[in-house]
DNA sequence: ATTTAAATCAAACGATTGTTTGAATCATAC
DNA sequence: GTATGATTCAAACAATCGTTTGATTTAAAT
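Residue numbers (the working numbering), protein chains in the order written: chain A, 975 to 1194; chain B, 975 to 1194.
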């Protein structure tokens, strides 16, 4: 009656939506199979366990973005850019693949992001599998940023790299609550304008000169 | 045998630790009372429900920081600063109260942060109560930033305000995984140097000039 | 010493969880 | 058409959850 692949992808789709909307722990397997219209045992038949289902849900969305980021990174390296141009290129290589997907399918990005945030508190094995999805990509970008900003120490670089990730997160995460009027203003921005806003913020911040080590100074 | 307040605060302490380490949903009330050495019914006697316990756990940490931020904000307004000085002052007023607590009690800040992130996916009533803790503070700061950067539109301002929050989050959140060497470098930074790094990044980013509305341009 | 309220206790409640089982049904190939 | 493997099904499993109950103990007041 139903193609095998339809059952599997339908489970992935429904699980993705419910995990993001209600939370992973608050979503029972019975919630999923109920909305998917399949049998309870189908989850363990196709995936093996709830954790394996979770991993497949996120991997399906993360891997394409990783590949595109990697492709854009190589494009930067082949162009032999240096200094500020390289910095902006790397920021765009890291940023635009995600923004592109966000523009095309806003819900999907938000779903994945909400699920990933929840997984930071998960059990050991699942957590490691999830982070392994990002391992290599992050290492490659960090090495590239090192070339773009050779004057910064590794500690400073990793700090600013994390700032960049935090800034990007604020684009993906939905406004914490609708009633705060200041956040409703934000969503009016056009995607390409939004993009330039992020780049402007990040290029200025990432490339700002290292603060002098004025030990113990309390300039107030 | 035990003072009443000791039981209540012990429950708050244990719950705070377990909620952050294992996750809220993965922490049963029996886990809490077991480690606290009290009876199961004590939670419902002192708090009423698990949700009420959660709210008290976070409110106990959030409110002091809010008060300090508010105090620092008023200090800024009384000093009649303008332009870049006002911007940096506001950023420090928002930043330093949190960093100070992080330096004094790093675990506590990380606990609260991890719990707050989880609560974004919680039920309606609890979620509203939690965000109500931040409502007024955010509105006040947003109004102040509007005066510091009058040339930016409300949409641009709210966007950069969110960027700032995202950047700060990256300071509070623990490195996603220890094995990534780039993140272990970060924790070597001294607190005051870390502070100047954030301010440098944020002042440059927050104060960067608004990108020109070059419609449809694809400068690649 | 007696009273009163606060606090703690063991025990059980019904509900829901992820997982497993074994039979029934499907599609496909011989 | 019959055999084979893949898929779906209803039903039950043991375990754990948040919450409630009523009795018991503790501390303070009269």
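Beta carbons: idealized from backbone N, C-alpha and C, even for Gly.
Check, Outcome
"Proximity test, Cβ basis, 8 Å: residue 1023/B and chain A", "no"
"Assigned secondary structure, residue 1127/A (DSSP; H/G/I helix, E/B strand, else coil)", "coil"
"Contact test: residue 1016/B Cβ vs the ligand GTP heavy atom, cutoff 7 Å", "The ligand content of the structure shown is nil, which means the ligand GTP is not present either."
"Cβ separation of residue 1006/A and residue 988/A, assumed to be a contact under 8 Å, to the nearest whole Å", "5 Å"
"For residue 1107/A and residue 1192/A, the rounded distance between their alpha carbons", "Low confidence applies here, because residue 1192/A scores a pLDDT of 43, under 50, leaving its location unreliable and the question unanswered by this model."
"The stretch 994–1005 of chain A touching the stretch 1087–1099 of chain A, judged by at least three CB pairs closer than 8 Å", "yes"
"Cβ-based neighbour list, residue 1088/A, same chain, cut-off 7 Å, excluding 5 preceding and 5 following", "994"
"Test: residue 1103/A CB closer than 8 Å to a CB of chain B", "no"
"Cβ-based contacts, 8 Å cut-off: residues of the stretch 1054–1084 of chain A near chain B", "none"
"Residue 1194/A versus residue 1062/B - alpha carbon distance", "Any answer about residue 1194/A is weak, because its pLDDT of 35 lies below 50 and its placement is not dependable; what the coordinates show is given next. Approximately 11 Å, taken between the alpha carbons."
"Residues from the stretch 1108–1132 of chain B in contact with chain A, defined by Cβ distance under 9 Å", "1108, 1109, 1112, 1113, 1116, 1127, 1128, 1129, 1130, 1131 and 1132"
"Closest residue to residue 1180/A among 1168/A, 1146/A, 1141/A and 1081/A (Cα-Cα distance)", "1141/A"
"Where residue 1038/A falls: helix, strand or coil (DSSP)", "helix"
"Straight-line gap, residue 1103/A to residue 1031/A (C-alpha atoms, nearest Å)", "12 Å"
"At least three beta-carbon pairs within less than 8 Å, the stretch 1056–1072 of chain B to the stretch 1018–1027 of chain B", "no"
"Residue burial classification, residue 1130/A (beta-carbon count within 10 angstroms, cutoff 16)", "buried"
"Local conformation of residue 1012/A per DSSP, three classes", "coil"
"CB contact check: residue 997/B to chain A, cutoff 8 Å", "yes"
"Exposure label - residue 1096/A; buried when at least 16 CB within 10 Å", "buried"
"Range of the contiguous alpha helix (DSSP H) that encloses residue 1056/B", "First-last for residue 1056/B: undefined, no H or E at that position."
"Buried/exposed call for residue 1056/B, threshold 16 Cβ in 10 Å", "exposed"
"contact_flag[the stretch 1030–1050 of chain B, the stretch 1105–1125 of chain B] where n(CB pairs < 8 Å) is 3 or more", "yes"
"Partners in chain A for residue 1098/B, counting only beta-carbon separations shorter than 8 Å", "By Cβ distance, chain A contributes nothing, its closest Cβ being about 11 Å from residue 1098/B, past 8 Å."
"N-terminal and C-terminal residue of the alpha helix (DSSP H) that residue 1099/B is part of", "1098–1106"
"Closer than 8 Å to chain A by CB, residue 1051/B", "no"
"Chain-ordered neighbours of residue 1175/A on chain B, where CB pairs are closer than 7 Å", "1134, 1137, 1179 and 1182"
"Burial state of residue 981/B (16 or more Cβ within 10 Å)", "buried"
"Whole-Å CB distance - residue 1043/A paired with residue 1071/A, under 8 Å assumed", "5 Å"
"Cα-Cα separation, residue 1059/A to residue 1074/A", "21 Å"
"Any chain A beta carbon closer than 8 Å to residue 1044/B", "no"
"Endpoints, the alpha helix (DSSP H) within which residue 1089/B is located", "1080–1093"
"Spatial distance of residue 1144/A from residue 1084/A (CA atoms)", "11 Å"
"Close beta carbons around residue 1008/B, own chain, < 7 Å, minus the five adjacent residues each side", "none"
"Contacts around residue 1011/A, its chain only, beta-carbon distance under 8 Å, and the 5 residues preceding and following it disregarded", "984"
"Distance CB(residue 1029/A)-CB(residue 1014/A) smaller than 8 Å", "no"
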